[in-house]
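In the numbering used here, the protein residues as written are 1194 to 1322.
Ideal placement from N, C-alpha and C gives every residue a C-beta, glycine not left out.
Every value quoted in this text rests on a predicted model; they were computed, and no experiment measured them.
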């Protein structure tokens, strides 16, 4: 079973572009989400960050690799899934939650919360008569 999740955070490491056996690009990295809370004195302080394991596939992977670096603010929309595997030493079942962003479902982008942008209109090509 999977759940749709959307969050904004910061990349915890430099995204490394890898390839599956089918030669499809993917990036696996952590995104840290910081939450602000009020302490007993009424001051706003940073809470302990929450780490999300995120796997980007296809064009989302190349976009993250080409456009993002460690610490960059990022916006993630994808499916949360639970991965499981047997431990190599003990054989016990291990699990972790992963957010999957791929071409079929999901989006990724740089967070625009603390940036400014200028939009330039591209010139139109001359229309044939």
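Coil, strand or helix - residue i by DSSP
i: residue 1207; result: coil
i: residue 1213; result: coil
i: residue 1290; result: strand
i: residue 1283; result: coil
i: residue 1316; result: coil
Limits of the unbroken alpha helix (DSSP H) element including residue i
i: residue 1255; result: 1252-1260
Limits of the beta strand (DSSP E) - the one that residue i falls within
i: residue 1275; result: 1266-1279
i: residue 1136; result: Coverage of the chain is limited to positions 1194 through 1322, which leaves residue 1136 absent and any answer about it impossible.
i: residue 1296; result: It is not in any beta strand (DSSP E) - residue 1296 carries neither H nor E in the DSSP assignment.
Sub-9 angstroms separation of residue i and residue j beta-carbons
i: residue 1258; j: residue 1300; result: no
i: residue 1216; j: residue 1250; result: no
i: residue 1262; j: residue 1225; result: no
i: residue 1238; j: residue 1294; result: no
i: residue 1199; j: residue 1268; result: yes
i: residue 1220; j: residue 1244; result: no
i: residue 1209; j: residue 1223; result: no
i: residue 1275; j: residue 1265; result: no
Residue i - partner residues in DSSP beta bridges
i: residue 1223; result: 1246
i: residue 1201; result: 1268
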